[in-house]
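S.K.: Mapping of the sequence shown onto UniProt numbering: position 81 corresponds to residue 81, and the numbering continues sequentially without gaps. Here a beta-carbon is modelled for each residue, glycine too, at the ideal position from N, C-alpha and C. Quick caveat, the model's predicted, so the values are computed rather than measured. Below is the structure I would like to discuss, written out as structure tokens.
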Amino acid sequence: MDPDRRSGARLPTNRSGKILCGAFAWDCVIRDLSSQGAKVQMLASAAPPTQAQLVDLVAGQAHDVMVAWQKEREVGMRIVRTYDLRGLSPAAVGAAKRIWQAFRAAPPAP
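Structure representation (structure tokens):
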């Protein structure tokens with residue numbers, strides 16, 4: 001087994017997320033997360049772009065990310081920058097904020 005090359009400890013999560021790149025959005029589950037990286041599970045078979053935004057729909061955050069590795073539907077991402085969507089946000093995360101707001105406004109599942 002390869003040694004773990006992560007620079008920070010990741011905490012297990014099970015959060016709903018979206019991967020955004022331009023006009024495209026993919027549903028995912030954020031499986032673990034740290035300030036430097038994340039492991040996500042894509043809900044559909046797709047090759048994510050090498051650079052994208054990862055939206056944590058539960059925490060109200062968007063992360064500029066670079067894909068570090070992919071194995072089937074699991075994707076390791078390096079976090080480059082993090083944005084808080086709960087207040088004023090730069091235009092660069094406008095789509096992420098709209099998706100997060102729609103998620104918050106949706107009624108809970110039965």
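Apart from the five residues on each side of it in sequence, which residues of its chain come closer than 7 Å, Cβ to Cβ, to VAL55?
M.R.: As a working note, residue 55 is residue 55 in the sequence shown. Result list for VAL55: GLY17, LYS18, LEU20, ALA62, ALA96, ILE99, TRP100, in chain order.
S.K.: Just confirm the distance between the C-beta atoms of ARG10 and ILE30, as a whole number of angstroms; I'd bet it's less than 8 Å.
M.R.: The residue you call residue 10 lines up with position 10 of the sequence shown. The residue you call residue 30 lines up with position 30 of the sequence shown. In fact, because the Cβ distance is near 10 Å, the residues do not count as touching under 8 Å.
S.K.: So, helix, strand or coil for ARG15, using DSSP?
M.R.: Taking the first residue of the sequence shown as position 1, residue 15 is located at position 15. ARG15 falls in the strand class under three-state DSSP.
S.K.: Take ALA106 as the anchor and find which of TYR83, GLY22, VAL58, VAL93 has the nearest alpha-carbon.
M.R.: As a working mapping, residue 106 is identified with position 106 in the sequence shown. Answer by Cα proximity: VAL58.
S.K.: What residues in its chain sit with their C-beta under 7 Å from that of THR82, if we drop five residues either side in the sequence?
M.R.: To locate residue 82, count along the sequence shown from 1; it is residue 82. So the qualifying residues of the chain are GLN61, HIS63.
S.K.: Answer yes or no: do VAL65 and MET77 have a C-beta to C-beta separation smaller than 7 Å?
M.R.: Indexing the sequence shown from 1 puts residue 65 at position 65. Indexing the sequence shown from 1 puts residue 77 at position 77. Yes; because the gap between Cβ atoms is below 7 Å, this pair is in contact.
S.K.: By how many angstroms is the C-alpha of VAL40 removed from the C-alpha of GLU74?
M.R.: Reading the sequence shown from its first residue, position 74 is the one you call residue 74. Reading the sequence shown from its first residue, position 40 is the one you call residue 40. Those two C-alpha atoms are separated by around 6 Å.
S.K.: Just the Cα atoms here: how many angstroms apart are TRP26 and LEU43?
M.R.: One-based indexing of the sequence shown puts residue 26 at position 26. One-based indexing of the sequence shown puts residue 43 at position 43. Their Cα atoms are separated by approximately 8 Å.
S.K.: Any heavy atom of the ligand GTP closer than 6 Å to the Cβ of VAL58?
M.R.: For the ligand GTP, the structure offers nothing, since it holds no ligand at all.
S.K.: Among the candidates LEU88, ALA52, SER45, THR13, whose CA atom is the shortest distance from the CA of LEU33?
M.R.: To locate residue 33, count along the sequence shown from 1; it is residue 33. Looking at the Cα atoms, THR13 is the closest of the given residues.
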